[in-house]
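Student:
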Amino acid sequence: KREEAAAAREFQREEADTAREFQREEAEKALQFERDKTCFQQNSEHLRSLNHLMWQVPLIAMTVTGGLWYGIAQQGVVGDIRKPLLMFACLANFLLIFVMIRVRYIFERILDLTKPFSSNAIADTKKFFLPEKSVLFIFCFLLGIASFISFVGAVMPDKLFNKYKISESSGQQDALRTRAYENADNR
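For what it's worth, the working numbering labels the leading residue of the sequence shown as 981, then goes sequentially.
(1) Give the DSSP-derived three-state secondary structure of Pro1111 in the structure shown.
(2) The alpha helix (DSSP H) with Ser1029 in it runs from where to where?
(3) Can you look up Lys1095 in the DSSP assignment and give me helix, strand or coil?
(4) According to DSSP, is Leu1067 part of a helix, a strand, or is it coil?
(5) Identify whether Ile1136 lies in helix, strand or coil by the three-state DSSP scheme.
(6) How many angstroms separate the CA atom of Thr1043 from the CA atom of Ile1086?
(7) Near Leu1048, what residues of its chain come up, given a Cβ to Cβ distance below 6 Å and the 5 sequence neighbours on each side ignored?
(8) Skipping 5 residues on each side, what residues in its chain have a beta carbon closer than 7 Å to that of Asn1073?
(9) Restricting to Cα atoms, I'd like to know which of Glu983, Leu1011, Leu1076 and Leu1091 is closest to Cys1120.
(10) Is Ala1010 near Met1067, with beta carbons less than 9 Å apart?
(11) Might you give, ordered along the chain, the residues of its own chain that have their beta carbon closer than 7 Å to the beta carbon of Leu1033, omitting 5 neighbours on each side?
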């Protein structure tokens, strides 16, 4: 009987140890799942913000380039200021190409980290008729063209900007100016 009682106690101890080990493994699995879930959610949020940023870069480039080109194309702008402004537009557009490439690179790395969680949730775009990075290529190509044209404008402004001045003695110019002054005085 003593041997049976000792064997029963040993069996109960082994069962308790097995149960504790099982609970510890389950707790570790639950903790790892929560970590993975949090990482997945954070990566998804980061992807959304990177996607937003990637589509804002061309808008930033258009705003900077368009604003500078509009400003320097005005008649009253001194020719000396055109060159530095156009060089700035050239440099800004050129550097934004690298911003686009970097954002796309980070985007891809995060997608690679996300695939193990749910490979079915990520769209397969390889079957589309355009190559995988076609949007990046198109944006970078257009930024390169804008950079090149701004560079040409800075180096050879005489080729791009009109040197003709509007005649100040024109009757239409005087009439428009007088009408504008009268309208301003009446308000």
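Glycine included, C-beta positions come from ideal geometry on N, C-alpha and C. Because the structure is a prediction, the values reported are computed rather than measured.
Tutor: Based on what the coordinates show:
(1) Within the sequence shown, residue 1111 is the residue found at index 131, counting from 1. Note: Pro1111 maps to coil in three-state DSSP.
(2) As a position in the sequence shown, residue 1029 is number 49, starting the count at 1. DSSP places Ser1029 in the uninterrupted alpha helix (DSSP H) bounded by Arg982 to Ile1052.
(3) For the purposes of this step, residue 1095 is taken as the residue at position 115 of the sequence shown. Reduced to three states, the DSSP call for Lys1095 is coil.
(4) Residue numbering aside, residue 1067 sits at position 87 when the sequence shown is read from its first letter. According to the sequence shown, residue 1067 is Met rather than Leu. In the three-state DSSP reduction, Met1067 falls in the helix class (H, G or I).
(5) The sequence position of residue 1136 within the sequence shown is 156, counting from 1. Residue 1136 is actually Met in this sequence, not Ile. Of the three classes helix, strand and coil, the one that applies to Met1136 here is coil, per DSSP.
(6) Position 63 of the sequence shown, counted from the start, is the residue given in the question as residue 1043. Position 106 of the sequence shown, counted from the start, is the residue given in the question as residue 1086. Here the alpha carbon of Thr1043 sits roughly 25 Å from the alpha carbon of Ile1086.
(7) Within the sequence shown, the letter at position 68 stands for residue 1048. Answer for Leu1048: Leu1065 and Ala1069, listed in chain order.
(8) Locating residue 1073 in the sequence shown gives position 93, where the first residue counts as 1. Counting only Cβ-Cβ distances below 7 Å, and skipping sequence neighbours, we find Ala1041, Thr1045, Leu1123, Ala1126, Ser1127 and Ser1130.
(9) Counted from its first residue, the sequence shown places residue 1120 at position 140. Measuring from the Cα of Cys1120, the nearest candidate turns out to be Leu1076.
(10) Sequence index remark: in the sequence shown, residue 1010 carries index 30 (1-based). Sequence index remark: in the sequence shown, residue 1067 carries index 87 (1-based). Contact flag unset, no.
(11) Counting from one through the sequence shown, the residue named residue 1033 turns up at place 53. Val1083.
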